[in-house]
Amino acid sequence: MKDLTPREIVTELDRHIIGQDSAKRAVAVAVRNRWRRRQLDPEIAREVAPKNIIMIGPTGVGKTEIARRLSKLVNAPFTKVEASKYTEVGYHGRDVESMIRDLLELGMKMVRAEQADVVREQAEKSVEQRLVSLLLGDTEDRDEPEEAPKHTEPQTAGLPRSGGWVPSEEAESKPDEHARVRNRLLQKLRDGAFEDREIEIVIKEKQTGPIMGMMGPDQFDPGVSSFLDNLIPEKSHRRKVTVRRARAILLEQETDKLIDEEKLIEQAIERTEQNGIIFLDEIDKIAAGEGKGGADVSRQGVQRDLLPIVEGSSVNTRHGVVNTDQILFVAAGAFHTAAVKDLMPELQGRFPIRVELQALTRDDFKRILTEPDAALTKQQEALLETEGMRVTFDASAIDAMAELAAEANASMENIGARRLMTVMECVFDEISFDAPDMVKRGEKTLTIDGEFVRERLKTIMKDEDLSKFVL
Ligand SMILES: Nc1ncnc2c1ncn2[C@@H]1O[C@H](COP(=O)(O)OP(=O)(O)OP(=O)(O)O)[C@@H](O)[C@H]1O
Ligand SMILES: [Mg+2]
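Note that my numbering gives residue 820 to position 179 of the sequence shown, counting from 1, and the numbers run on in steps of one.
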């Protein structure tokens, strides 16, 4: 993935999110600044701290959506977490440090994928050799180098080593013959002649202990959990699978063999520390409200635990220590009941950039209904297309849906763009049910217009009480 300029990032976000330009700009600049920093001399780079962002805006206006889309654009470990999910250290639940551990896991995945790409060709060759051996009837046990007795080594010299193939008695006397057989088999394998043939392979698996499974490795000190991890033996068992499936499994095994785990961890930690981004959603949920109840105390505790992580500190993980100095934090919250000032001042201070997202208007709704790549109207068209029904939306239908959504938001709770989904569901309630029958009757095209929309929503809009449930 290439590193996008701020303008390119905004353009990408525009494909999915309508409006909210200042928020888009802010995140685009913050992401680009990570790249800029990477170009600097280490001397000065060390001094450039990430400028954390806090996004504030009513519910359903695109905060989480921006994060979701951004995560697919950035070439960096990126995790989105809900602040409300954490509990203070010492209490039952996830502690905030686990977000750093999650981020590192993502970094590991990223680096592993890259390294797998590098060794792919070599790994694929090994897999082919192993498959050929298996097709020749060799059992997998003998393939395992650690289980193969040392003294067989010289005998295999000169033969394909990567497959770990051990010659059978007769072939040993005629190595040429055997090599020919293998080559022919290899050719057929490549031509796809054996894809559905079943072979038996050895699959290694780490068992999750009952305690670990129940509590999640998170509940343990990272040191303890990696210790436990080592205690749990790798279990290997045999399984019959098709060649097609075996290829995927063996590729993973061979790739693992070729990847240097130590180096992988080192790179992943570096990547996580230097480029990692954490999206801290629902941050308003940990702000203290008016009351001074027990919940508030624990929210304060989560805030306090967050401080050092956002500020920069060292977090222990099972793979090593991760320093959070350069990790970028983007927080978001609706701040309905709580205000930003209800957050601890120290925490507020760690989010120097504030952007506000705007409440969505009727015109925004019109655009949201039609413009994004996966706009609701497009989704609905695609869904009914599968039944053989062609749905088209008249401009008047879009007008009506936007207007009714805005009206409902004004007269009831304002739930932002989420209202459009309920409106859409309502309009299509009967059609979604009847579509297969309608197509059978020959009603294969359907145009939705404003009148139809209003008709469908009329009964519900009229009855305020009922509308609360339905809309
Ligand atoms: N500006 C927008 N453009 C396009 N779609 C939007 C926009 N805002 C919201 N949506 C759609 O509405 C839904 C809810 O939006 P989102 O999850 O971003 O809300 P939010 O701002 O995070 O609200 P909350 O504070 O309740 O978490 C999403 O499915 C999203 O696609
Ligand atoms: Mg959200």
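The beta carbon of each residue, even a glycine, is placed where N, CA and C say it ideally should be.
Closer than 7 Å to a non-hydrogen atom of ligand 1 - does that hold for the CB of Arg-1059? Residue 1059 sits at position 418 when you count from the first residue of the sequence shown. Yes, since a heavy atom of ligand 1 falls inside the 7 Å radius drawn around the Cβ of Arg-1059.
For Glu-688, tell me which candidate among Arg-675, Gln-661, Ile-695 and Ile-697 has the shortest Cα-Cα distance. Within the sequence shown, residue 688 is the residue found at index 47, counting from 1. Taking only the C-alpha atoms, the option nearest Glu-688 is Arg-675.
Which of the three DSSP states is assigned to Gly-974 in this structure? Working through the sequence shown from its first residue, we reach residue 974 at position 333. Correct three-state label for Gly-974: strand.
Check the C-beta distance from His-977 over to Ile-910 and give it rounded, since I have them as a contact under 8 Å. Taking the sequence shown and counting its residues from 1, the one referred to as residue 977 is at position 336. Taking the sequence shown and counting its residues from 1, the one referred to as residue 910 is at position 269. No, His-977 and Ile-910 are not in contact; Cβ-Cβ is about 38 Å, not under 8 Å.
Give a yes or no on contact between the stretch 943-957 and the stretch 985-1000, applying the rule of three or more CB pairs nearer than 8 Å. yes
Do Thr-720 and ligand 2 come close, with the Cβ less than 7 Å from some heavy atom? Within the sequence shown, the letter at position 79 stands for residue 720. Thr-720: no, Cβ never under 7 Å from ligand 2.
Roughly how many angstroms lie between the CA atoms of Lys-713 and Ala-820, to the nearest whole one? In the sequence shown, counting from the first residue as 1, residue 713 sits at position 72. In the sequence shown, counting from the first residue as 1, residue 820 sits at position 179. Approximately 47 Å between the Cα atoms of the pair.
Assuming Pro-718 contacts Arg-912 (C-beta within less than 8 Å), just tell me the rounded distance between them. Position 77 of the sequence shown, counted from the first residue, corresponds to residue 718. Position 271 of the sequence shown, counted from the first residue, corresponds to residue 912. With 8 Å as the limit, Pro-718 and Arg-912 qualify as a contact, their Cβ atoms being about 6 Å apart.
With Met-1030 and Ala-1076 assumed to form a contact (beta carbons below 8 Å), what rounded beta-carbon distance in angstroms separates them? The residue labelled residue 1030 in the question sits at position 389 within the sequence shown. The residue labelled residue 1076 in the question sits at position 435 within the sequence shown. Sure, about 5 Å apart at Cβ, within 8 Å.
Proximity test, Thr-1155 beta-carbon vs ligand 1 heavy atom, cut-off 7 Å: The structure shown has nothing for residue 1155, since the chain only spans 642 to 1112.
Span of the beta strand (DSSP E), counted from its first residue to its last, around Glu-723: On the sequence shown, position 82 is the one that residue 723 refers to. Unbroken beta strand (DSSP E) run through Glu-723: 719-723.
What are the start and end residues of the alpha helix (DSSP H) that includes Ile-685? Indexing the sequence shown from 1 puts residue 685 at position 44. It spans 683-686 - the alpha helix (DSSP H) in which Ile-685 sits, taken as one unbroken run.
Look up Lys-881 in the DSSP assignment and give the residues it is bridged to. Numbered from its first residue, the sequence shown carries residue 881 at position 240. Paired residues: Glu-841.
Cβ neighbours of Ala-1046 in the same chain (closer than 6 Å, five flanking residues each side left out): As a working mapping, residue 1046 is identified with position 405 in the sequence shown. If we look at Ala-1046 and ignore the five residues flanking it on each side, its Cβ neighbours are Phe-1006, Arg-1060, Leu-1061 and Val-1064.
Looking at Glu-841: is its Cβ nearer than 8 Å to the Cβ of Arg-880? For this step, residue 841 is matched to residue 200 along the sequence shown. For this step, residue 880 is matched to residue 239 along the sequence shown. Contact: yes.
Phe-920 burial status per 10 Å Cβ neighbour count (16 or more: buried): Start at 1 with the first residue of the sequence shown, and residue 920 comes out as number 279. It counts as buried.
Determine the burial state of Gln-680: buried for a count of at least 16 other Cβ atoms within 10 Å of its Cβ, exposed for fewer. Reading the sequence shown from its first residue, position 39 is the one you call residue 680. Exposed, by the Cβ-count rule.
Quick one: grab the DSSP three-state call for Val-962. One-based indexing of the sequence shown puts residue 962 at position 321. Strand at Val-962.
Which whole-angstrom value is the C-beta distance of Leu-1098 and Val-1068, which I expect to be below 8 Å? Against the sequence shown, residue 1098 aligns to sequence position 457. Against the sequence shown, residue 1068 aligns to sequence position 427. Right, their Cβ atoms sit about 7 Å apart.
By alpha-carbon positions, which one of Leu-772, Ser-1037, Gln-967 and Ala-975 ends up nearest to Ile-927? In the sequence shown, the residue the question calls residue 927 occupies position 286. Looking at the Cα atoms, Ala-975 is the closest of the given residues.
Which of the three DSSP states is assigned to Asn-957 in this structure? Here residue 957 is taken as the residue at index 316 of the sequence shown, counted from 1. Of the three classes helix, strand and coil, the one that applies to Asn-957 here is strand, per DSSP.
As assigned by DSSP and simplified to three states, the class of Asp-644: Locating residue 644 in the sequence shown gives position 3, where the first residue counts as 1. Three-state DSSP puts Asp-644 in coil, outside helix and strand.
Mapping the DSSP letters down to three states, classify Phe-1113 as helix, strand or coil. Lying before the first or after the last residue shown, residue 1113 is absent from the chain, which here runs from 642 to 1112.
According to DSSP, what are the bridge partners of Val-623? The structure shown does not extend to residue 623, since the chain is modelled only from 642 to 1112, so the question has no answer here.
Short of 7 Å in beta carbon distance, which residues of its chain neighbour Leu-827, apart from the five on each side in sequence? Order them along the chain. Within the sequence shown, numbered from 1, the residue matching residue 827 stands at position 186. Excluding positions up to five away in sequence, the list reads Glu-769 and Val-773.
How many angstroms separate the CA atom of Gly-1083 from the CA atom of Ile-1072? Taking the first residue of the sequence shown as position 1, residue 1083 is located at position 442. Taking the first residue of the sequence shown as position 1, residue 1072 is located at position 431. Near 14 Å, if we compare the C-alpha coordinates of Ile-1072 and Gly-1083.
Which whole-angstrom value describes the C-beta separation of Asp-1035 and Asp-1070, a residue pair presumed to lie in contact below a C-beta threshold of 8 Å? Translated into the one-based positions of the sequence shown, residue 1035 becomes position 394. Translated into the one-based positions of the sequence shown, residue 1070 becomes position 429. In fact, because the Cβ distance is near 19 Å, the residues do not count as touching under 8 Å.
Euclidean distance between Cα positions of Lys-766 and Asp-897: In the sequence shown, the residue the question calls residue 766 occupies position 125. In the sequence shown, the residue the question calls residue 897 occupies position 256. For Lys-766 and Asp-897, the distance between alpha carbons rounds to 14 Å.
Inspect the beta-carbon positions of Val-668 and Ala-1000 and report whether they are closer than 8 Å. The residue given as residue 668 occupies position 27 in the sequence shown. The residue given as residue 1000 occupies position 359 in the sequence shown. Cβ distance not < 8 Å, so Val-668 and Ala-1000 don't count as in contact.
Does the beta carbon of Arg-709 sit closer than 8 Å to a beta carbon anywhere in chain C? This model lacks chain C altogether; it includes just one protein chain.
Would Gly-698 and Glu-997 be called neighbours here (beta carbons separated by less than 8 Å)? Taking the first residue of the sequence shown as position 1, residue 698 is located at position 57. Taking the first residue of the sequence shown as position 1, residue 997 is located at position 356. Yes, they are a contact pair.
Are the CB atoms of Lys-704 and Ala-973 nearer to each other than 8 Å? If you number the sequence shown from 1, residue 704 lands on position 63. If you number the sequence shown from 1, residue 973 lands on position 332. In this structure, Ala-973 lies closer than 8 Å to Lys-704 by Cβ.
Check: Asp-736 C-beta below 7 Å from any heavy atom of ligand 2: Here residue 736 refers to the residue found at position 95 when the sequence shown is read from its first residue. No.
CB contact flag (Leu-905, Val-1032, <8 Å): As a position in the sequence shown, residue 905 is number 264, starting the count at 1. As a position in the sequence shown, residue 1032 is number 391, starting the count at 1. Going by C-beta atoms, Leu-905 is not nearer than 8 Å to Val-1032.
Continuous beta strand (DSSP E) assignments of at least 3 residues falling wholly in the stretch 694-764: 694-697 and 719-723
Is Leu-969 helix, strand or coil when you go by DSSP? Taking the sequence shown and counting its residues from 1, one reaches residue 969 at position 328. Of the three classes helix, strand and coil, the one that applies to Leu-969 here is strand, per DSSP.
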